[in-house]
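Since the structure comes first, as structure tokens, the remarks are kept for the end.
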Amino acid sequence: MARPEILYPLFASVEGLPGVGPKTAKLLERIGVTRLRDLLFLVPERLVDRRPRAGLTGLEPKQVATLVVRIGEHRPGRTRQQPYRVMAEAADGALEIVHFRTNADWMQSLYPIGEERLVSGRVELFDGRWQMPHPDHALAPEDAATLPSFEPVYPLTEGLTGRVVARAVDAALTRLEAMLPLPEWTDPTLPSERDWPAIAPALRGLHTPDTKTALAFDAPARARLAYDELLSHQLALQLARSRMRRGRGRPTEGDGKLRKRASETFGYAPTGAQARALDEILADMAASERMMRLLQGDVGAGKTWVAAMALLTAVEAGGQGALMAPTEILARQHAASLTPIAEACGLHLTLLTGRDKTAARREKREAVAQGRAQIVLGTHALLQPEVVFDDLRLVVVDEQHRFGVRQRMELTEKTPDGADVLVMTATPIPRTLALAGYGDLDISVLDEKPPGRQPVETALVSQDRYLEVVERLKAAVARGTRAYWVCPAVEENDDTPLISAEERHRTLSNALGDETVALVHGQMPADEKDAAMAAFQDGRAQVLVATTVIEVGVDVPEATIMVIEQAESFGLAQLHQLRGRVGRGAGRSSCLLLYPQGLGEAARARLTVLRETDDGFRIAEEDLRLRGAGDVLGHAQSGLPRFQVADLEQDTALMARARDEARLVLHTDPELTSERGIALKTLLYLMERDQSVRLMKGG
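Here our numbering = 1-based position in the sequence shown + 10.
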């Protein structure tokens with residue numbers, strides 16, 4: 011699908027715009043601007059109020075002020091290092107204009123004695139006198155109209171000035187306005203209903219605001235552009251969804267016999283939420299369209315039970331089920347959990363990892379290819395071209411936010427008809443992020459916990475009490491207790507004050523005994539990690555010092571203490587996941603959040619939320635509010651889109667509206683061949699969602 015011709019001018023290089031030569035073009039590239047389109051969507055970071063004031067009265071130090079002054083005496087410094095002062099008079103008092111490292115000729119041409127000038131900049135009080143060091147603007151009265159009332163402040167880099175960027179943006183806007191009008195792609199009722207401008211006036215309004223609230227979330231121009239971004243994103247997701255479902259024509263239904271045997275092995279009745287989620291999944295699997303569903307649940311909500319039942323349904327139907335996990339620790343934990351289920355059902359379960367020896371790898375692959383291995387678990391190793399399935403019916407992707415969309419598609423395409431897709435996350439996802447990252451999926455939620463999960467007592471403890479904590483831990487270890495001790499860093503680093511797992515392992519080994527304390531982190535060789543985990547699981551080591559590598563997939567019911575150092579350096583959702591490693595057995599469990607002296611009010615408030623609730627969904631919403639979307643899921647890992655105008659924390663309603671509109675459009679025009687469909691293709695390219703389009707086309 012070629013880029014629409016109408017957009018060609020907007021994807022031209024910025025080089026050649028007024029003031030943009032090769033050197034400036036390289037500077038613009040540093041801030042992500044290489045084409046006119048990039049300039050148009052370079053959102054100002056803030057606005058500076060440049061409206062002229064009547065005088066000095068009412069000014070506050072550090073405030074930006076715009077004043078008409080009459081230029082008086084020049085007082086050059088005795089040396090170039092001393093300030094050059096220009097004495098000026100505003101309507102109601104004196105103002106000193108101060109420059110450093112300048113020359114008299116330039117100053118006299120800029121500030122002619124006896125003439126008026128409009129000066130704008132930050133003011134300061136010095137010895138009771140108002141000063142304006144290095145005004146941002148100094149204009150003759152006839153040029154005053156060129157100063158905007160509200161000046162956008164753009165992201166910059168060394169050597170690049172705001173004036174250069176503003177001039178380039180204005181030239182890009184002028185070229186846009188000289189083009190044929192871009193087609194209208196939104197629901198025709200929406201712009202009139204919300205008083206939104208068309209795309210070109212919206213971009214002009216973003217860069218030449220006429221009010222100080224022009225960048226506010228409900229400002230018409232910003233809201234219009236945010237919606238366009240969200241609509242293009244949701245449209246791309248729905249197109250990907252349509253692509254993945256296309257060609258699916260083989261319902262998967264089981265007779266329930268294996269599930270019945272597995273239920274007896276689990277030994278407890280499912281919660282209402284588990285039963286409801288499984289019903290939704292089985293209905294999707296039985297349908298003629300490919301299932302694409304997200305299963306999200308709080309810590310300990312029982313996702314493994316649901317996944318096991320879904321995998322067994324695929325086997326009951328005569329096919330295979332695969333589960334892909336992001337780490338080997340998590341994959342092995344799933345193998346440990348599901349092997350007894352598979353054995354009770356008389357099934358062959360195999361685990362594929364990158365560590366398999368050549369002969370074992372060949373044997374496992376043959377079992378998978380011949381259908382003798384009905385349930386296949388693994389890491390990214392499952393994506394290797396050499397891994398061929400006999401009849402793959404269901405793909406379960408655990409901790410989906412650690413995989414990209416392309417990886418999900420690669421695994422599901424390992425069968426001619428395409429497999430059903432169930433993605434899982436143990437991190438409750440706020441609604442906006444669920445729509446942004448998983449808008450192509452239907453969602454099932456586990457909001458209850460199975461019986462037997464113990465509440466975890468959570469306490470905030472000052473780092474000053476570290477020795478006291480160690481003494482209490484020593485007493486607990488003497489009673490046979492097992493504990494986790496989590497640190498934010500792997501090793502010591504002079505550039506950061508983070509406490510390292512390696513250093514803490516040394517100090518705790520000295521205090522508790524070498525054989526008592528094990529260490530695991532992501533940089534260790536795989537066999538050393540396995541040995542450390544095995545020692546902790548079977549009780550040979552009673553304390554496991556770790557990084558967040560144990561955040562998910564580690565299940566040691568005997569562990570009842572979790573200590574997290576420098577807890578303020580973790581996100582709330584991550585702390586909640588770590589806390590979820592305890593409280594899995596019959597014993598009373600506790601979580602200690604160690605924090606340093608001088609902890610700020612905001613950081614203490616965050617940790618207090620964790621102490622007061624174990625509701626992962628509430629914690630996730632609070633995490634989103636406090637840290638933002640990129641930190642909650644992580645842009646690089648999650649595939650969470652990078653929006654230039656839209657804001658995932660603020661634009662929840664717009665996101666939901668965009669999702670509904672995208673689904674409606676594709677229901678009536680799945681190939682986007684209508685007049686509006688073609689306009690929407692233009693939007694996809696303008697908003698840089700064309701990569702998603704290529705992905706869905708398989709190219």
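By construction, the Cβ of each residue, glycine as well, lies at the ideal position given by its N, Cα and C atoms.
A quick note: this is a predicted structure, and the numbers were derived from the prediction, not measured.
Span of the beta strand (DSSP E) holding residue i?
i           : result
residue 214 : Not the beta strand (DSSP E): residue 214 falls in the alpha helix (DSSP H), residues 209–217.
residue 131 : 126–132
residue 556 : 553–556
residue 147 : 147–149
residue 162 : 160–163
residue 307 : 302–307
residue 314 : Segment 313–326 is the alpha helix (DSSP H) holding residue 314; no beta strand (DSSP E) there.
residue 432 : 430–435
When the Cα atoms are used, what is the spatial distance from residue i to residue j?
i           : j           : result
residue 668 : residue 247 : 11 Å
residue 135 : residue 141 : 6 Å
residue 24  : residue 229 : 28 Å
residue 641 : residue 260 : Note on residue 641: pLDDT 48, under 50, position unreliable in the model; the coordinate value appears next. Roughly 40 Å between the two C-alpha positions.
residue 308 : residue 628 : 10 Å
residue 570 : residue 595 : 8 Å
residue 670 : residue 29  : 43 Å
residue 361 : residue 324 : 18 Å
residue 18  : residue 234 : 23 Å
residue 355 : residue 291 : 21 Å
residue 43  : residue 182 : 12 Å
residue 458 : residue 205 : 43 Å
residue 26  : residue 170 : 16 Å
residue 481 : residue 522 : 9 Å
residue 408 : residue 269 : 21 Å
residue 277 : residue 463 : 14 Å
residue 156 : residue 581 : 46 Å
residue 429 : residue 498 : 38 Å
residue 139 : residue 108 : 12 Å
residue 318 : residue 32  : 59 Å
So, at 7 Å on beta carbons, what are the nonlocal neighbours of residue i in its own chain, with the 5 sequence-adjacent residues on each side left out?
i           : result
residue 363 : 338, 341, 388, 389 and 391
residue 645 : Here residue 645 scores only 36 on pLDDT, less than 50, and its place in the model should not be relied on; the value that follows carries that caveat. Cβ within range, chain order: 652.
residue 327 : 262, 263, 264 and 403
residue 357 : 325, 384 and 385
residue 231 : 207, 212, 215, 216 and 224
residue 382 : 358
residue 718 : Nothing can be reported for residue 718: it is not among the residues displayed for the chain, which extend from 11 to 709.
residue 609 : 578
residue 127 : 79, 81, 121, 148, 149 and 150
residue 48  : 42
Have a look at the DSSP bridge pairing and note the partners of residue i.
i           : result
residue 109 : 94
residue 572 : 494 and 601
residue 334 : 388 and 407
residue 472 : 605
residue 142 : 107
residue 358 : In the DSSP output, where bridge partners are listed per residue, residue 358 has none listed.
residue 510 : 499
residue 78  : 128
residue 85  : 95
residue 466 : 599
Grab me the residues of residue i's own chain with a C-beta within less than 8 Å of its C-beta, minus the 5 sequence neighbours each way, in chain order.
i           : result
residue 605 : 470, 471, 472, 473, 576, 577, 578, 613, 614 and 617
residue 125 : 80, 81 and 150
residue 297 : 261
residue 621 : 468, 469, 470 and 603
residue 635 : 659
residue 282 : 458
What does a CB cutoff of less than 6 Å around residue i pick up in its chain, not counting 5 residues either side in sequence?
i           : result
residue 53  : 654 and 655
residue 56  : 163
residue 601 : 466, 468, 572 and 589
residue 525 : none
Could you please give the first and the last residue of the uninterrupted alpha helix (DSSP H) stretch that includes residue i?
i           : result
residue 530 : Per DSSP, residue 530 belongs to no alpha helix (DSSP H); it is in the beta strand (DSSP E), 527–530.
residue 282 : 282–296
residue 453 : No alpha helix (DSSP H) contains residue 453, which is instead part of the beta strand (DSSP E) from 452–456.
residue 617 : 611–622
residue 398 : Neither: residue 398 is in no alpha helix (DSSP H) and is coded neither H nor E.
residue 10  : Absent from the model: residue 10. The displayed extent of the chain is 11 to 709, so no value can be given.
residue 374 : 368–379
Give a single yes or no on whether residue i has its beta carbon closer than 6 Å to a heavy atom of the ligand GTP.
i           : result
residue 573 : Of ligands this structure carries none, so the ligand GTP is not represented either.
**Whole beta strand (DSSP E) elements within the segment 14–76, 3-residue minimum** = Counting only runs that start and end inside the segment 14–76, the beta strand (DSSP E) elements of at least 3 residues fall at 56–59.
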